[in-house]
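Colleague: If you read the protein sequences in the order shown, they are chains F and B.
For what it's worth, numbering that gives the first Met the number 0 labels the leading residue of the first sequence as 0, then goes sequentially.
For what it's worth, numbering that gives the first Met the number 0 labels the leading residue of the second sequence as 0, then goes sequentially.
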Amino acid sequence: MSVLFHSRTLLPGLFLSLVFVAAALISLVWVPYDTTVLNIANRMKLPSWEHWLGTDQFGRDILSMIMVGARTSIAVALVAVGIGMSVGVPLGLAAAARKGGWLDEVIMRANDLVFAFPSLLIAVMITAVFGASALNAIIAIGIFNIPVFARLTRGAALSLWNRDYILAARVAGKGPARISMEHILPNVANLLIVQGTIQFSLGILAEAGLSYVGLGAQPPTASWGRMLADSQTMISLAPHLALFPGLAILLTVLGLNLMGDGLRDLLDPKLRRARV
Amino acid sequence: MSLLDIQNLSLSIHGIPVLKDVSMRVAPGRILGVIGESGSGKSMSAFSVMQLLPNGTSCSGKISLAGQDVLALSEPDLCRIRGRDVGMVFQEPMTALNPLQTIGAQVAETILVHENVSKSEAMVRAAEALRRAELPQDKFPLSRYPHELSGGQRQRVVIAMAIALRPKLLIADEPTTALDVTTQAQILELLKKLVSEDNMGLMLISHDLAVVADLADDLVIMKNGEVVEAGPADMVFRTMQHPYSKALLAASSHVPDREGLVQEKPLLKVQNVVRDYVTHTHGWWGKTVHFRAVNTVSFEIKKGESLGLVGESGCGKSTLTRAILGLEEVQSGEILFDGQPVFTHNHANLAVRRRMQVVFQDPYGSFNPRWKVERLITEPFHLLDNPPKGAERDRAIAEALESVGLTAEDRHKYIHEFSGGQRQRIAIARALIIKPDLIILDEAVSALDVSVRAQVLDLLADLSDRLDLTYLFISHDLSVVRSITDRVLVMKSGEIVEEGPTGAVFDAPKHDYTKQLVAAAPVLPADISAA
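Following this line, the structure appears as structure tokens:
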């Protein structure tokens, strides 16, 4: 456990990330105020004892909105990373196992193709065709995670394929699929975990961006991006309406990035050895 | 007066003692050989001269270099010494050069750092340094890049960088370990020449007694951070006192006992095998270039025999190994194991494959770091139709581990808990577990320290007698091949140039290349190794 404390970024990152995960989890069972009930008389209140972060233009409690919004953000980002990993990693492993072959070419050129499109543009297209919803946002962000994981996996796997223990496994009669699962995947897992946390934070940003332009979660589902978009016209009247969701995005992304950095140090055997 | 004088140097890193009371001296124009196994502190002693030490190191004692007390110097002063007064040659020429810079720029850099000269003048002097390292300008202009040179040529560039400013002291840390035998002889010759030309002191660090024995005027033998034997080379060899140095000498010329009951029946038959590689394709539809790695090779291994295969890097040894193991298809010819082809219908013939296994060179790279020994050594069970389970499997694991001198309890450990020699034993256990007839040993002892190597060779000899094993022993080290094989093949550029009983081939080589190899191999002086 003491290794945890060697990294200067892991603990603060872990703490920040856990705060928001906890907020999202608590909001499932309890929020200070119901976010679907409007109370116009109580609108745009500054932070006070009743409303810790104030209220918005419809009189809803901002703290409750942020807690529910965390749920949306985390769910969208988590599923999107899941899509990226579950499709991208097998593709990367397959490309590495058949390096230089036609399968490798097809997979990697398809990756290049997806990389070549600006991700937000495609997301706009998907939502334009299938309608704006949190689910479509998830799919759009997920698709753009695929090439990231495919490339990372292929690159890391390629260097592993040259190891003697892979040759030993081939001498033991194991095929490429089995070698990929037994030898390659466990040895690239640490890289994938690190990249996963970084993609997770990018997913949160992307969801906020899509919701901001109205293509993500639809009202009454609370979302950090929507909260920002709704409050921008009132930024001179009530700046706290934009400030708190903005801070929530900033701190979550910061926390996840710090955690990713810390994990990279922790899981890299070379860096680990250098520290001891 | 000595050029370098290390007195009672003790060194610890983060409180862990690494060197204890080390003393050695190098006089101008003399060569000091520093011998020791891995972890003996020989490189650390050399690095302490330049004060290129890891963080958290503390030194005590005295290091004086041409009258200056190195330990008392400040970092900027040390920078002036490094490269100017002390040059350094590293083990791995592949990584010691920057692949993005020309060799001229890299040699000139040392000069530009230390002297206030123009770039063009530095280039002229770089050319001169390269010429002295025997890379003449008409063949190796300054504009060459490292990837255009062979390993030996790169090592010459590294040497040119080290001697560009005519340093007083040159430190060579295992300068030839990564090189082939014939290249090694040339590089050692070059170092010797430069020492006498410049009246330079040379500190030659090596694990190989024979390399140093040829060259060094003085010797230091180190063990666990201490000097156990020191003095003029010929005297040290003759009057060795310390049990460790005696053991080291005995291990270097160790010949394991083998009965070697060879049967007449051929086990493996390689007939006119050709293996081509496609090396370059220019784009998707471009022209392809073929490279013939193995060219019409034929030989046989008899059952119970130990056959050596000797050749330098790039001669096609490894390609041939892969073909024999059925990992790759050959373009023509056939490989028959006990009468059956090793490769059929686009994949390896499993009936044959389960009767051969392989042990690789690198004890660190041949195991998945995330698996336990138990799982590692049972991997070849995958070849069997009905792999043993439960108690039978446990018995097989225990038997394999015990036959290589480990205990059955070691099965629960991870590979990083073992030393290099133990790992190589585990690799042998992995090969033994399915009771093969043929084991291919691909440089299996090359990465091991001398004393460990002797133990592993003994183990191999013992196993071949007990289990009736046949070996194909691939190595670049002639002394090892000589000690364990009955017959030897000499391979060059994809072809077998000479074949015969090991002793006869090495004592009276017929082919020019074999003669060259035998002449280049470093040997201990005859009167010493006999003792």
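Idealized CB from N, CA, C, for every residue including glycine.
Ignoring anything shorter than 3 residues or poking outside the segment 151–219 of chain F, list the beta strand (DSSP E) runs there in chain order.
Modeller: Entirely contained in the segment 151–219 of chain F, not one beta strand (DSSP E) run reaches 3 residues.
Colleague: Quick check on the DSSP output: the beta strand (DSSP E) that includes Arg541 of chain B runs from which residue to which?
Modeller: Residue 541 of chain B is absent from the model: chain B starts at 0 and stops at 530.
Colleague: Which chain B residues sit within Cβ distance under 8 Å of Asp186 of chain F?
Modeller: This sequence places Asn at residue 186 of chain F; Asp is not what is there. Result: Asn367, Pro368 and Arg369.
Colleague: Which residues of chain F have a Cβ atom closer than 9 Å to the Cβ of Ala443 of chain B, listed in chain order?
Modeller: Per Cβ cutoff of 9 Å: no residues; Ala443 of chain B is ~11 Å from chain F at best.
Colleague: Assuming Gln356 of chain B is part of the beta strand (DSSP E), what are its boundary residues?
Modeller: Gln356 of chain B -> beta strand (DSSP E) spans Met355 to Val358.
Colleague: Between the beta-carbon of Lys41 of chain B and the beta-carbon of Glu225 of chain B, is there less than 7 Å?
Modeller: No, the pair does not count as a contact, with Cβ atoms beyond the cut-off.
Colleague: I'd like to know if Glu328 of chain B contacts chain F, where contact means its C-beta is closer than 7 Å to some C-beta of that chain.
Modeller: Closer than 7 Å: no.
Colleague: Where does Met355 of chain B land, buried or exposed, given buried means 16+ other C-beta within 10 angstroms?
Modeller: Buried is the call here.
Colleague: For chain F, check one thing: does any of its Cβ atoms lie closer than 7 Å to the Cβ of Val522 of chain B?
Modeller: No, its Cβ sits nowhere closer than 7 Å to a Cβ of chain F.
Colleague: In whole angstroms, what separates the C-alpha of Pro265 of chain B from that of Asn271 of chain B?
Modeller: Distance between the alpha carbons of Pro265 of chain B and Asn271 of chain B is about 16 Å.
Colleague: Three-state secondary structure (DSSP) at Thr501 of chain B?
Modeller: Helix.
Colleague: Going residue by residue through the segment 330–389 of chain B, where are the continuous alpha helix (DSSP H) segments of at least 4 residues, counting only ones entirely within it?
Modeller: Listed in chain order, they are 349–352 and 372–376.
Colleague: Output yes if chain F places a C-beta closer than 7 Å to the C-beta of Glu373 of chain B; else output no.
Modeller: Judged by the 7 Å Cβ criterion, Glu373 of chain B is not in contact with chain F.
Colleague: Return the CA-CA distance between Leu204 of chain F and Asp33 of chain F, expressed in angstroms with no decimal places.
Modeller: Straight-line Cα distance between these residues: approximately 25 Å.
Colleague: Examine the Cβ distances between the segment 216–226 of chain F and the segment 235–252 of chain F and report whether three or more of them are shorter than 8 Å.
Modeller: Yes: at least three Cβ pairs fall under 8 Å.
Colleague: Using a beta-carbon distance below 7 Å, is Arg352 of chain B in contact with chain F?
Modeller: Arg352 of chain B counts as touching chain F.
Colleague: So, does the CB of Ala273 of chain F fall closer than 7 Å to a CB anywhere in chain B?
Modeller: Low confidence applies to Ala273 of chain F: its pLDDT is 45, below 50, so where it sits in the model is not reliable enough to give any reading.
Colleague: Which word fits Ile439 of chain B, buried or exposed, when buried means at least 16 other C-beta atoms lie within 10 angstroms of its C-beta?
Modeller: Ile439 of chain B should be labelled buried.
Colleague: Assuming contact is defined by CB atoms lying nearer than 7 Å, are Phe505 of chain B and Arg481 of chain B in contact in what I supplied?
Modeller: Their beta carbons are under 7 Å apart, which means Phe505 of chain B touches Arg481 of chain B by this criterion.
Colleague: Checking the sheet assignment: what are the DSSP bridge partners for Gly86 of chain B?
Modeller: DSSP, once it has assigned bridges, lists B:Leu169 as partnering Gly86 of chain B.
Colleague: For Leu168 of chain B and Leu64 of chain B, which I take to be in contact (beta-carbon distance under 8 Å), what is that distance rounded to the nearest angstrom?
Modeller: Right, their Cβ atoms sit about 7 Å apart.
Colleague: May I have the straight-line CA-CA distance separating Ile5 of chain B from Met23 of chain B, to the nearest angstrom?
Modeller: Cα-Cα distance, rounded: 5 Å.
Colleague: Of the choices B:Glu108, B:Arg291, B:Pro135 and B:Arg237, whose alpha-carbon is the least far from that of Asp275 of chain B?
Modeller: The shortest C-alpha separation from Asp275 of chain B is found at B:Arg291.
Colleague: Per the DSSP calculation, Tyr276 of chain B is bridged to which residue(s)?
Modeller: DSSP lists B:Phe290 as partners of Tyr276 of chain B.
Colleague: Does the CB of His344 of chain B have a neighbour CB from chain F at under 7 Å?
Modeller: Taking Cβ atoms only, chain F never reaches closer than 7 Å to His344 of chain B, which makes this a no.
Colleague: What does the Cβ neighbour count give for Arg272 of chain F, buried or exposed, with the cut at 16 atoms within 10 Å?
Modeller: Model confidence at Arg272 of chain F stands at a pLDDT of 47, short of 50, so the residue's coordinates are unreliable and nothing is read from them.
Colleague: So Val293 of chain B packs on Gly315 of chain B, CB below 8 Å; how close in whole Å?
Modeller: Right, the Cβ-Cβ distance comes to about 5 Å (below 8 Å), so this counts as a contact.
Colleague: Hey, how far is the Cα of Val227 of chain B from the Cα of Val496 of chain B?
Modeller: Each residue's alpha carbon lies about 44 Å from the other.
Colleague: Short of 8 Å in beta carbon distance, which residues of its chain neighbour Arg536 of chain B, apart from the five on each side in sequence? Order them along the chain.
Modeller: The shown model of chain B, from 0 to 530, leaves out residue 536 of chain B, and the question about it has no answer.
Colleague: Report back the beta-carbon spacing between Gly53 of chain F and Asn41 of chain F to the nearest angstrom; my notes put them in contact at under 8 Å.
Modeller: Contact flag wrong, Cβ pair sits at about 10 Å.
Colleague: Return the first residue and the last residue of the beta strand (DSSP E) that Thr94 of chain B is part of.
Modeller: Careful: Thr94 of chain B lies outside any beta strand (DSSP E) and carries neither H nor E.
Colleague: Chain A beta carbons: is any one of them nearer than 7 Å to that of Val357 of chain B?
Modeller: No chain A is present in this structure, whose protein chains are F and B.
Colleague: Is DSSP giving Asp476 of chain B helix, strand or coil here?
Modeller: Three-state result, Asp476 of chain B: coil.
Colleague: Counting only Cβ pairs nearer than 9 Å, list the residues of chain B close to Gly224 of chain F.
Modeller: Neighbours of Gly224 of chain F on chain B: none; closest Cβ ~40 Å, over 9 Å.
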